[in-house]
Amino acid sequence: VAYKHSLEDVVGHTAIVGEKGLQKGVKGEVVWSGSLWNARLSPESGVDHVESGAEVIIVKVESGILSVAPPEK
23 VAYKHSLEDV VGHTAIVGEK GLQKGVKGEV VWSGSLWNAR LSPESGVDHV
73 ESGAEVIIVK VESGILSVAP PEK
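The sequence shown runs 23 to 95 under my numbering.
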C-alpha cells in the first residue's frame with residue numbers, strides 16, 4: 023500500500039512566492055516542492071505584501087489553497 027500524505031503535512035514547510043508577489047486579501051501563487059500552488063497571505067501574518075522570490079512559511083491549508091506568512095525574525 024502506497025503512502026498518501028495529506029496536504030496538512032505541508033504546514034511548517036517553506037515555499038517561495040510566485041512572480042507576481044502576494045497581496046493581502048488577493049489569491050496569488052507560491053512554489054512548494056517544485057510545483058506552483060494557489061496561496062494567500064495569512065490574515066495573522068501582519069503584512070500587506072510579500073515580494074516575488076521571498077520565502078514564506080505555510081501556516082494552514084484551506085480548500086487546496088496554502089495560507090502563508092513571512093518567517094518570524
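By construction, the Cβ of each residue, glycine as well, lies at the ideal position given by its N, Cα and C atoms.
Of the listed residues the options, nearest to residue i (C-alpha basis)
i: Val33; options: Arg62, Val81 and Glu73; result: Val81
i: Glu66; options: Ala91, Thr36 and Gly50; result: Ala91
i: Val11; options: Gln45, Glu41 and Ser55; result: Residue 11 falls outside the range modelled here, since the chain spans only 23 to 95, and no answer is possible.
i: Gly43; options: Ser55, Glu94, Val72 and Leu58; result: Val72
Environment of residue i [buried if 16+ CB atoms lie within 10 Å]
i: Ala24; result: Because the pLDDT of Ala24 is 49, which lies under 50, any placement of that residue in the model is unreliable, and the number read from its coordinates should be weighed accordingly. Exposed is the call here.
i: Leu88; result: buried
i: Val48; result: exposed
i: Gly86; result: exposed
One or two residues paired with residue i in a DSSP bridge
i: His35; result: In the DSSP output, where bridge partners are listed per residue, His35 has none listed.
Contact under 8 Å by Cβ, residue i with residue j
i: Val53; j: Val78; result: no
i: Gly50; j: Ala61; result: yes
i: Glu41; j: Ser74; result: yes
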